[in-house]
Every structure is written in C-alpha cells, then in structure tokens.
Amino acid sequence: GESVGLHLPTLSVQEGDNSIINCAYSNSASDYFIWYKQESGKGPQFIIDIRSNMDKRQGQRVTVLLNKTVKHLSLQIAATQPGDSAVYFCAENSGGGADGLTFGKGTHLIIQP
Amino acid sequence: NAGVTQTPKFQVLKTGQSMTLQCAQDMNHEYMSWYRQDPGMGLRLIHYSVGAGITDQGEVPNGYNVSRSTTEDFPLRLLSAAPSQTSVYFCASSYSLSPGPADEQYFGPGTRLTVT
Chain A
1 GESVGLHLPT
11 LSVQEGDNSI
21 INCAYSNSAS
31 DYFIWYKQES
41 GKGPQFIIDI
51 RSNMDKRQGQ
61 RVTVLLNKTV
71 KHLSLQIAAT
81 QPGDSAVYFC
91 AENSGGGADG
101 LTFGKGTHLI
111 IQP
Chain B
1001 NAGVTQTPKF
1011 QVLKTGQSMT
1021 LQCAQDMNHE
1031 YMSWYRQDPG
1041 MGLRLIHYSV
1051 GAGITDQGEV
1061 PNGYNVSRST
1071 TEDFPLRLLS
1081 AAPSQTSVYF
1091 CASSYSLSPG
1101 PADEQYFGPG
1111 TRLTVT
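Line by line, the protein sequences give chains A and B.
Going by the numbering used here, the first residue of the first sequence is number 1, and it counts up by one from there.
Going by the numbering used here, the first residue of the second sequence is number 1001, and it counts up by one from there.
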C-alpha cells in the first residue's frame, strides 16, 4: 500500500515465494499505469505497464492487475529472487501532459533467504 | 547507449551556495525532466522540457532553473541552495511528453544532494 508517513511500507517474503504489492491510485481518469523498480542507490526502472482498457497484463515473472472499480493496482512477482529486493512504486498517467504522471510513494520489498 | 547520465552522484552544499546538476541522454529523446525524491514521498516533477529551447515548470519549480540548449543536455541549477532542497534528484527522458506503451521513460542514476 501507499505510505502516509516518512517510512515506506515494507513487505518481507521468503525467497521463492510469490509477492503481491498493492497501489491505490487517485484519478479515475487515468488511462495508463506503470510499475517501477528502484534498487538502492539507483534510478527507477520500468517493469511493466497496463492500459486502462485491460485488467491484467503479464510479463516475465510479473503480473499487473488493474481494478478500476476501486482504483487499485497490484504487482505480483512470482518465485521471488534476491535480486527482486527493491522499492516498487506505481505511477498513473491521467493524460495531462508532463505533470500527468503521478507517482506513488512505494513499497520496500525484502527477500529473505 | 549510455542512456541517461547524471553528475555528480553526491554533493554537499552550504546554504546559499549555487550549483548545477548535469543530465545528458544519448537516445535522441525530445522530452526530458527533473524530479526530486524525498523520503516517504513519490517523485515530484521540478521542471521539464519538450525539446531544445523549450522548458516549463512542474509541480515544485521554486528555487530551481533549467535550460535546454541541446537535445542531449538538460542541466538543473540551484541558485541559492536551502536545506529544504536536500533530496535525491533524478533526470528522466522519453520520446514523448506523456509516457505510454512503447514509450518508456528512462531515469538516470540520481544525484544525492545535502544542503547544510
């Protein structure tokens, strides 16, 4: 989920397990959504995206689910690996130009050995 | 391609000092932008450019200036640094103004700035 304070929510999972990271977006007019991965000391990296006319999209080990009714987005990572440890955040594009991309605060995923 | 590069990686400034954060991309992207990332907050847009010679303000432009003399470079200037500008700064680029499918926004590695 999204953070309302200074500390990011943390999700800790065992290596090999599946993980689900959630995001609540704000604008019902948003037509495009992105999940980013940010490793410590690095810039955000695109993982997967989804248009608003879809409710599910799959990539390699990742699946994004979109529920427009409750404005909820989730990222599922299958068979987590140590390299999946990072902060994950969603972004929504309401189509308003440069400032139409609104970023969530992120969730810290920790993979336990 | 080197992608999006930023220098320096780290910087410590005293209040009132000025400096320029450098950003360059070699992907021939028209659109470039600067974000700041603060603990517990999402990325916030400072300034952006839709092409050489064209810049505009984002969500949090105060205290920052930008220019875009070439397609490749988009420097961010702090004219008189303040402690409130302590943050991690990311430069990003993409082909178009509004990222979408097949038009990914690429981020640089970031500059961690501390203002004392």
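Every residue, glycine too, gets a C-beta built ideally from N, C-alpha and C.
Using a Cβ cut-off of 9 Å, pull out every chain B residue sitting near residue i, in sequence order please.
i: A:F33; result: Residues of chain B passing the Cβ test: none, with the nearest at roughly 11 Å.
In chain B, which residues lie less than 7 Å from residue i when you measure between Cβ atoms?
i: A:G43; result: F1090, F1107, G1108, P1109 and G1110
i: A:D65; result: The residue you asked about is not Asp; residue 65 of chain A is Leu in the sequence shown. The premise fails here: A:L65 is roughly 17 Å from chain B at the closest Cβ pair, so nothing lies under 7 Å.
i: A:L8; result: G1040
If we call anything under 9 Å between Cβ atoms a contact, is residue i one with residue j?
i: A:L8; j: A:I48; result: no
i: B:S1033; j: B:F1074; result: yes
i: B:N1065; j: B:L1045; result: no
i: A:T80; j: A:Q14; result: yes
i: B:L1076; j: B:L1013; result: no
i: B:F1029; j: B:T1070; result: Here residue 1029 of chain B turns out to be His, not Phe, going by the sequence shown. Contact flag unset, no.
i: B:V1060; j: B:T1086; result: no
i: A:H72; j: A:N22; result: yes
i: B:F1090; j: B:Q1025; result: no
i: B:V1088; j: B:Q1037; result: yes
Per the DSSP calculation, residue i is bridged to which residue(s)?
i: B:V1088; result: B:Q1037 and B:R1112
i: A:A91; result: A:I34 and A:F103
i: B:Y1064; result: B:L1078
i: B:D1056; result: B:Y1048
i: A:A86; result: A:L109
i: A:R57; result: A:V64
With distance defined between alpha-carbon atoms, name the residue in the options nearest to residue i.
i: A:I50; options: B:D1103, B:Y1089 and B:G1016; result: B:D1103
i: A:L66; options: A:S28, A:G43 and A:K37; result: A:S28
i: A:S85; options: A:A91, A:L109 and A:Q45; result: A:L109
i: B:F1010; options: A:R57, A:H72, A:G41 and A:N22; result: A:G41
i: A:Q45; options: A:S19, A:K68 and A:F89; result: A:F89
i: A:V87; options: A:S94, A:T107 and A:K68; result: A:T107
i: A:V62; options: A:V70, A:S94, A:S12 and A:I34; result: A:I34
Below 8 Å on C-beta distance, what does residue i contact in chain B?
i: A:G16; result: Under the 8 Å cutoff, chain B gives no residues; its nearest Cβ is about 29 Å from A:G16.
Name the chain A residues that come within less than 7 Å of residue i, Cβ to Cβ?
i: B:E1072; result: Per Cβ cutoff of 7 Å: no residues; B:E1072 is ~18 Å from chain A at best.
i: B:M943; result: Chain B is shown from 1001 up to 1116; residue 943 of chain B falls before or after that span and cannot be answered.
Along chain A, in chain order, which residues have C-beta atoms closer than 8 Å to that of residue i?
i: B:E1030; result: Correct list: empty, because the minimum Cβ distance to chain A is about 12 Å.
Report task. Please list the residues of the region 1074 to 1091 of chain B that have a C-beta atom closer than 8 Å to any C-beta atom in chain A, keeping them in chain order. Result -> Against chain A - using a Cβ distance shorter than 8 Å - the residues of the region 1074 to 1091 of chain B are F1090.
Requested in this report: Scan the region 67 to 82 of chain A for residues whose Cβ lies nearer than 7 Å to a Cβ of chain B and list them as they occur along the chain.
Outcome: Along the region 67 to 82 of chain A, there is no position whose C-beta sits under 7 Å from a C-beta of chain B.
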